[in-house]
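Numbering (the working numbering), first residue to last: 329 to 739. By construction, the Cβ of each residue, glycine as well, lies at the ideal position given by its N, Cα and C atoms. None of these values were measured; they are calculated from a predicted model.
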Amino acid sequence: MINSGTAEVLIPRSLCLIEDFDNLNIDVEDLCSVSINWKDGVVTELKPLKNKDKKAKNILFPRFVETHSHFDKSFIWEDFPNLKSNYGGALSLNLEEHKTRTTDKVLERVEKSLKLAIKNGYRAIRSHIDTYETQSSDIWIELFELQKKFSSELTLQFVSLAPLEFWDTPNGENLAKIFSSNGGILGGVIVPPFNKKDTSQFLSKMLLLARKYNLEIDLHIDESIIEPGAGIKVLLETIENLKINSIPITCSHLSSLISLSHSEILNLGEKMAENNIKVIALPLTNFWLLNRDNKTTSLKRPVAPIKQLQKSHVDVSLGSDNVQDPWYPFGNFDPFYMLSCSIPMLQLSPWERMTLSSIFLAPSRLLNLKWDGLIKEGCPADFIILDAQKWADVFSSNLKRKVFIKGELHS
Ligand SMILES: [Zn+2]
């Protein structure tokens, strides 16, 4: 049958739930040798490889989850190149692009991005979509159609990325209503310098709107090098004043936090964990855009302090962010591109459980997916099998992969 199969593979130990744990053969990089069977798209057997001297020739991962992308502007770099590559330049080109934006152009970019993402091994993606007052809400009907069209291969979530004040307008309320029946997440930007009082007021309106329609929030917050943590502090204060901490909130970026003292980070982290705020670290755009001085080379680059936040029990996911647009000129919706760049730059060891959590498990929780990403009997046969025997092979330029969707080889 085309959706059944068997393989001898290596799986990172912390991604693999196996009954016969005592007989597992685990190598120095925490990869364990197992044989895996799947039938009708579901894993039916997972057991240690009997021959302890024989190392499997392939590594298996669950299909990936992308927590943060921007499908609506992907691949526009050629038309809107931000050659100075700073935040200000990216923002002004982004606004320039809105002037020529049409629903058809956006749909074309989304569809192209989706096909690539599926081919490269993603099973779920959250994408922000720029939202502004003059835009027709009709675009959302088309986007939700696309979401349905691809739903057998990939779970797609949309965040409406709007100025905070948008959520205090009739159009904002109308969109929240549409989201309450179709799915959809309220988004916004909090990046210093900002007026603290106004920001807090608009945030309050947004939180109340999310509560009214039972929606989640995902904010681009503290993507800066100035006023470290100013955005997250306002958010926490606003939540405290409103006395509502039941709304699922994601903070994307939080890169300036790294400039705070160790104890301040832990302190903020604890408050975030108490309020069930999740974090997405986005090293590629942060390292590319922020603290850029084209005359000197500096190593001072902000990125969310992943390990400190994890220590404070905050659920941290890794994400890719932009692909070939004014914010980031590279990328191809390939999880292995993102990891090959990010893992060394962040000093995250791939053989460590918390690193793998930020790549596979935390993203599955963030998107509320049915499957947590652990390979076990009964899980979907949704995986990528690589021609690889060690982590160095995974992060190499000539990676060969096979993507299986519900047990079937994707071609
Ligand atoms: Zn973003």
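Just to confirm the assignment, what range does the alpha helix (DSSP H) spanning S552 have? Counted from its first residue, the sequence shown places residue 552 at position 224. Counting along the chain, S552 falls outside any alpha helix (DSSP H), and DSSP gives it neither H nor E.
Comparing alpha-carbon positions, which option in T613, S645, K427 and V731 lies nearest M682? Position 354 of the sequence shown, counted from the start, is the residue given in the question as residue 682. Closest by alpha carbon: S645.
What residues sit near ligand 1, counting only those whose C-beta is closer than 7 Å to one of its heavy atoms, in chain order? H396, H398, H456, H548, S580, L610, T613, D649 and N650
Measuring only the C-alpha atoms, how far is K440 from S648? The residue labelled residue 440 in the question sits at position 112 within the sequence shown. The residue labelled residue 648 in the question sits at position 320 within the sequence shown. Their Cα atoms are separated by approximately 17 Å.
When burial is assigned at 16 or more other CB atoms within 10 Å of the CB, is K628 buried or exposed? Looking up residue 628 in the sequence shown gives position 300. The residue is exposed, with fewer than 16 neighbouring Cβ atoms inside 10 Å.
Assuming W495 and K533 make a contact with CB atoms under 8 Å, what is their CB distance in whole Å? Locating residue 495 in the sequence shown gives position 167, counting from the first residue. Locating residue 533 in the sequence shown gives position 205, counting from the first residue. Indeed, because the Cβ distance is near 6 Å, the residues count as touching under 8 Å.
Report buried or exposed for T625, applying the criterion of at least 16 other Cβ atoms within 10 angstroms of its Cβ. Here residue 625 refers to the residue found at position 297 when the sequence shown is read from its first residue. It counts as exposed.
By Cβ distance below 7 Å, which residues in the same chain neighbour L474 in space, the five residues on each side in sequence not counted? By 1-based counting over the sequence shown, the position of residue 474 is 146. Taken in chain order, the residues that qualify are L435, V438 and E439.
On the DSSP letters alone, give me the boundaries of the beta strand (DSSP E) that L514 sits inside. In the sequence shown, residue 514 corresponds to position 186, counting from 1. Unbroken beta strand (DSSP E) run through L514: I513 to I518.
Paired residues, beta bridge with K606 - DSSP: Your numbering for residue 606 matches position 278 in the sequence shown. DSSP, once it has assigned bridges, lists T578 as partnering K606.
Separation of D700 from K382, as counted between CA atoms: Position 54 of the sequence shown, counted from the first residue, corresponds to residue 382. Position 372 of the sequence shown, counted from the first residue, corresponds to residue 700. Taking the straight line from one Cα to the other gives about 30 Å.
Taking the alpha-carbon positions, what's the E425 to L514 distance? Indexing the sequence shown from 1 puts residue 425 at position 97. Indexing the sequence shown from 1 puts residue 514 at position 186. The straight-line gap from Cα to Cα measures roughly 22 Å.
Would you report the Cα separation of N622 and G597, rounded to the nearest angstrom? Reading the sequence shown from its first residue, position 294 is the one you call residue 622. Reading the sequence shown from its first residue, position 269 is the one you call residue 597. Answer to the nearest angstrom: the Cα atoms are 33 Å apart.
Relative to the C-alpha of L442, which residue among S455, T430, T431 and D432 is closest? Here residue 442 refers to the residue found at position 114 of the sequence shown. It is S455 whose Cα lies nearest to the Cα of L442.
Spatial distance of L377 from S397 (CA atoms): To locate residue 377, count along the sequence shown from 1; it is residue 49. To locate residue 397, count along the sequence shown from 1; it is residue 69. Taking the straight line joining both Cα atoms gives about 38 Å.
Anyone know if the C-beta pair for L388 and F711 falls short of 8 Å? Translated into the one-based positions of the sequence shown, residue 388 becomes position 60. Translated into the one-based positions of the sequence shown, residue 711 becomes position 383. Closer than 8 Å, so yes.
How would you label E670, buried or exposed, when you count the other beta carbons within 10 angstroms and need 16 or more for buried? Your numbering for residue 670 matches position 342 in the sequence shown. Before going on, a small fix: residue 670 reads as Ser here, not Glu. Flag for S670 reads buried.
Evaluate E481 with the Cβ neighbour count: other Cβ atoms within 10 Å of its Cβ, from every protein chain shown; 16 or more gives buried, anything less gives exposed. One-based indexing of the sequence shown puts residue 481 at position 153. Burial call: buried.
C-alpha distance - M666 paired with A720, whole-angstrom precision: For the purposes of this step, residue 666 is identified with residue 338 of the sequence shown, where counting begins at 1. For the purposes of this step, residue 720 is identified with residue 392 of the sequence shown, where counting begins at 1. The straight-line gap from Cα to Cα measures roughly 15 Å.
DSSP-derived helix/strand/coil call for L547: Here the question's residue 547 lines up with position 219 in the sequence shown. Reduced to three states, the DSSP call for L547 is strand.
Work out the CA separation of L352 and N365 for me, nearest whole Å. Within the sequence shown, residue 365 is the residue found at index 37, counting from 1. Within the sequence shown, residue 352 is the residue found at index 24, counting from 1. So the alpha carbons of these two residues sit roughly 17 Å apart.
D366 in three-state terms, based on DSSP: Taking the sequence shown and counting its residues from 1, one reaches residue 366 at position 38. Sequence inspection shows Trp at residue 366; the Asp mentioned does not correspond to that position. Correct three-state label for W366: strand.
Less than 8 Å between the C-beta atoms of I545 and I575, yes or no? Here residue 545 refers to the residue found at position 217 when the sequence shown is read from its first residue. Here residue 575 refers to the residue found at position 247 when the sequence shown is read from its first residue. Contact: yes.
Count Cβ pairs between the region 355 to 373 and the region 411 to 431 that sit closer than 8 Å; are there 3 or more? no
Answer with buried or exposed for T334, where buried requires no fewer than 16 other C-beta atoms within 10 angstroms of its C-beta. To locate residue 334, count along the sequence shown from 1; it is residue 6. Classification of T334: exposed, given that the 10 Å Cβ count is below 16.
Identified DSSP bridge partners for T334: The count along the sequence shown starts at 1 and reaches residue 334 at position 6. Per DSSP, N365.
Should G416 go down as buried or exposed, given a rule of 16 or more other Cβ atoms within 10 Å for buried? By one-based count along the sequence shown, residue 416 stands at place 88. With fewer than 16 other Cβ atoms within 10 Å, it is exposed.
Selection from D458, A690, T613 and Q717 that minimises the alpha carbon distance to A452: Walking along the sequence shown from the start, residue 452 turns up at place 124. Taking only the C-alpha atoms, the option nearest A452 is A690.
Provide the residue span of the alpha helix (DSSP H) that contains H426, from first to last. Residue 426 sits at position 98 when you count from the first residue of the sequence shown. Here the alpha helix (DSSP H) through H426 covers Y415 to H426.
Does DSSP classify E736 as helix, strand or coil? Numbered from 1 along the sequence shown, position 408 holds the residue referred to as residue 736. Three-state DSSP puts E736 in a strand.
Taking only three categories from DSSP, how would you classify L596? Taking the first residue of the sequence shown as 1, we reach residue 596 at position 268. Here L596 sits in helix by DSSP.
Can you find the residues in the same chain that come closer than 6 Å, C-beta to C-beta, to L637, ignoring five residues on each side of it along the sequence? On the sequence shown, position 309 is the one that residue 637 refers to. So the list reads G597, V607 and V644, once near-sequence residues are dropped.
Rounded to the nearest angstrom, what separates F486 and I346 at their Cα positions? For the purposes of this step, residue 486 is taken as the residue at position 158 of the sequence shown. For the purposes of this step, residue 346 is taken as the residue at position 18 of the sequence shown. Rounded to the nearest angstrom, the two C-alpha atoms are 35 Å apart.
DSSP on F613, reduced to helix/strand/coil? If you number the sequence shown from 1, residue 613 lands on position 285. First, the residue type needs correcting, since residue 613 is Thr and not Phe in the sequence shown. Of the three classes helix, strand and coil, the one that applies to T613 here is helix, per DSSP.
Specify, as a first and last residue, the run of the beta strand (DSSP E) that F711 falls within. On the sequence shown, position 383 is the one that residue 711 refers to. F711 -> beta strand (DSSP E) spans F711 to D715.
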